[in-house]
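See below for the structure under consideration.
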Amino acid sequence: MTHRSTADNARPNAQPSVLWVKGYFAFPPVINADGSATFAFNVHHRTSTSQPGPSTASSPTSKDQKNATDEERRAKDAAWASRVEREAAARATRRERERAEALRSEIEWVRTGGALRDELGRRDPVRTAALRREIELKDKEDRLRARWDTYDLRWRATAHTNAKGQSRSAECEAGVEVEDGREDEGMCFADIPWPVDPPPADVSDLTRVRIADFLLEPLTIRGNTVSRRDRIRASLLRWHPDKVSALLARVRTEDVERVKEGVYTVFHALREIQDEERAN
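Just so we're aligned, residue 48 is where the sequence shown starts under the working numbering, counting upward by one.
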């Protein structure tokens, strides 16, 4: 496209010239030989077809890298969670150990007659009295547990005694318990692990009340899982006359009748205890 200056058209005989104005052209004109100016514009029209952009589909390599990164992050998260859990468990164990040590120290202090104090250093009679009750209860439970364990252990040892039936007159007549398992000696009345405490001197000491206290009182220990009926049932099986025939065979001759009477006494007392339990 060619444009001529209006000044040149008005004066055909005049020397061709270019009309100059102040300013500048963004696209300078081309000066022809005759002095006219030609403006040339190259207009590029944007087409509707856009240039292809980067592909949105991920290549297999990029997917593998992403999966590896995710897997690594999950592994780090799991390791961190495991570490936090271990540290929390260690702190809990340490606090529990410290509390147990502090409690042991307080128990020993109160046992010797000391008094606990509060945060301000003042005597704390309430906590001191509560701890004394706890000490008494724990001591009682320890005695009951030890008593029952000794009784059960003696029964097991008695079942494996290999005695010859010979006499131990001096010890038996004095009511002294002799070590189970001693060979060449028979068992006497005092060797039988009777379910009463203290051990009986004679059959008359095998009362229902004493037998019930001995067998059932350990069930009051905190954390016990044995029921009264289970304890009574197991004791009936243990003291059934037919079950202790092997025991009677190892008793010295002069004590057989007394031991047999004691066995029947215990068995009948257990039957009465069982009837009372069922009635309740």
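C-beta: ideal position from N, C-alpha, C; glycine also.
Problem - Leu191 and Ile258 closer than 7 Å at C-beta - result: Along the sequence shown, one-based indexing puts residue 191 at 144. Along the sequence shown, one-based indexing puts residue 258 at 211. Pairing Leu191 with Ile258 gives a Cβ-Cβ distance that is not under 7 Å.
Practice task
Check whether the Cβ atoms of Arg255 and Glu304 sit closer than 7 Å, and answer yes or no.
Solution key: Within the sequence shown, the letter at position 208 stands for residue 255. Within the sequence shown, the letter at position 257 stands for residue 304. No, the Cβ-Cβ distance between Arg255 and Glu304 is not below 7 Å.
Handout entry: Start-to-end residues for the alpha helix (DSSP H) that takes in Phe261
Key = Here the question's residue 261 lines up with position 214 in the sequence shown. Counting along the chain, Phe261 sits inside the alpha helix (DSSP H) bounded by residues 255-263.
Practice task
Look at Arg278 and Leu262 and say whether their C-beta atoms are less than 7 Å apart.
Solution key: The residue labelled residue 278 in the question sits at position 231 within the sequence shown. The residue labelled residue 262 in the question sits at position 215 within the sequence shown. Yes, the Cβ-Cβ distance between Arg278 and Leu262 is below 7 Å.
Practice task
Output the boundary residues of the alpha helix (DSSP H) element that contains Ile320.
Solution key: By 1-based counting over the sequence shown, the position of residue 320 is 273. 303-326 is the extent of the alpha helix (DSSP H) around Ile320.
Practice task
In the DSSP assignment, find the unbroken alpha helix (DSSP H) run with Ser292 in it and report its ends.
Solution key: Translated into positions along the sequence shown, residue 292 becomes position 245. Annotation: the continuous alpha helix (DSSP H) that includes Ser292 extends over 292-295.
Handout entry: Whole-number beta carbon distance between Leu163 and Arg174, since they are thought to touch under 8 Å
Key = As a position in the sequence shown, residue 174 is number 127, starting the count at 1. As a position in the sequence shown, residue 163 is number 116, starting the count at 1. Rounded, the Cβ-Cβ distance is 5 Å, consistent with contact.
Handout entry: Residues of its chain near Val310, where Cβ-Cβ distance is below 7 Å and the 5 sequence neighbours each way are ignored
Key = Walking along the sequence shown from the start, residue 310 turns up at place 263. These residues qualify, in order along the chain: Trp286, Pro288, Val291.
Problem - Leu200 versus Ala296: straight-line alpha-carbon distance, rounded - result: Within the sequence shown, residue 200 is the residue found at index 153, counting from 1. Within the sequence shown, residue 296 is the residue found at index 249, counting from 1. Linking Leu200 to Ala296 through their CA atoms gives a straight-line distance of about 20 Å.
Problem - DSSP-derived helix/strand/coil call for Val273 - result: If you number the sequence shown from 1, residue 273 lands on position 226. Correct three-state label for Val273: coil.
Practice task
Put Arg170 into one of helix, strand or coil per three-state DSSP.
Solution key: Counting from one through the sequence shown, the residue named residue 170 turns up at place 123. Reduced to three states, the DSSP call for Arg170 is strand.
Handout entry: Proximity test, Cβ basis, 7 Å: Gly309 and chain B
Key = Any reference to chain B falls outside this structure, which holds one protein chain only.
Exercise for the section: Might you give, ordered along the chain, the residues of its own chain that have their beta carbon closer than 7 Å to the beta carbon of Lys307, omitting 5 neighbours on each side? Expected result: Looking up residue 307 in the sequence shown gives position 260. The residues Leu295, in chain order, have a CB closer than 7 Å to that of Lys307 in the same chain once the five nearest residues on each side in sequence are set aside.
Handout entry: Buried versus exposed, by CB contacts within 10 Å (16 or more), Trp127
Key = Numbered from its first residue, the sequence shown carries residue 127 at position 80. Exposed is the call here.
Handout entry: Nearest-angstrom beta carbon gap, Leu178 and Ile154 [assumed within contact, 8 Å]
Key = Numbered from 1 along the sequence shown, position 107 holds the residue referred to as residue 154. Numbered from 1 along the sequence shown, position 131 holds the residue referred to as residue 178. Confirmed, about 7 Å.
Exercise for the section: Can you check DSSP and say which residues form a bridge with Val298? Expected result: Start at 1 with the first residue of the sequence shown, and residue 298 comes out as number 251. According to DSSP, which records beta bridges pairwise, Val298 is partnered with Met234.
Problem - Cβ shell of Phe236 (< 6 Å), same chain only, five flanking positions each side left out - result: For the purposes of this step, residue 236 is taken as residue 189 along the sequence shown, with counting starting at 1. Non-local beta-carbon contacts of Phe236 in its own chain, meaning distances under 6 Å to residues more than five positions away in sequence, involve Asp302, Arg305, Val306 in chain order.
Handout entry: Ala122 to Ala139 span [Cα, whole Å]
Key = In the sequence shown, counting from the first residue as 1, residue 122 sits at position 75. In the sequence shown, counting from the first residue as 1, residue 139 sits at position 92. Here the C-alpha atom of Ala122 lies approximately 26 Å from the C-alpha atom of Ala139.
Practice task
Just the C-alpha distance for Gly160 and Arg141, rounded to the nearest angstrom, thanks.
Solution key: Mapped onto the sequence shown, residue 160 falls at position 113. Mapped onto the sequence shown, residue 141 falls at position 94. Taking the straight line joining both Cα atoms gives about 29 Å.
Handout entry: Assigned exposure category for Arg299 - 16 Cβ within 10 Å defines buried
Key = In the sequence shown, counting from the first residue as 1, residue 299 sits at position 252. By the C-beta density criterion, Arg299 is buried, having at least 16 other C-beta atoms within 10 angstroms.
Practice task
Sort out for me which residues DSSP pairs Arg151 with in a bridge.
Solution key: Taking the first residue of the sequence shown as position 1, residue 151 is located at position 104. In DSSP, Arg151 forms no bridge with anything.
Exercise for the section: List the residues that DSSP assigns as beta-bridge partners of Arg164. Expected result: For the purposes of this step, residue 164 is taken as residue 117 along the sequence shown, with counting starting at 1. For Arg164, which the question treats as bridged, DSSP gives the partners Arg170.
Practice task
Tell me whether the beta-carbon of Leu266 lies closer than 7 Å to the beta-carbon of Val273.
Solution key: Against the sequence shown, residue 266 aligns to sequence position 219. Against the sequence shown, residue 273 aligns to sequence position 226. Taking 7 Å as the Cβ cut-off, Leu266 and Val273 qualify as a contacting pair.
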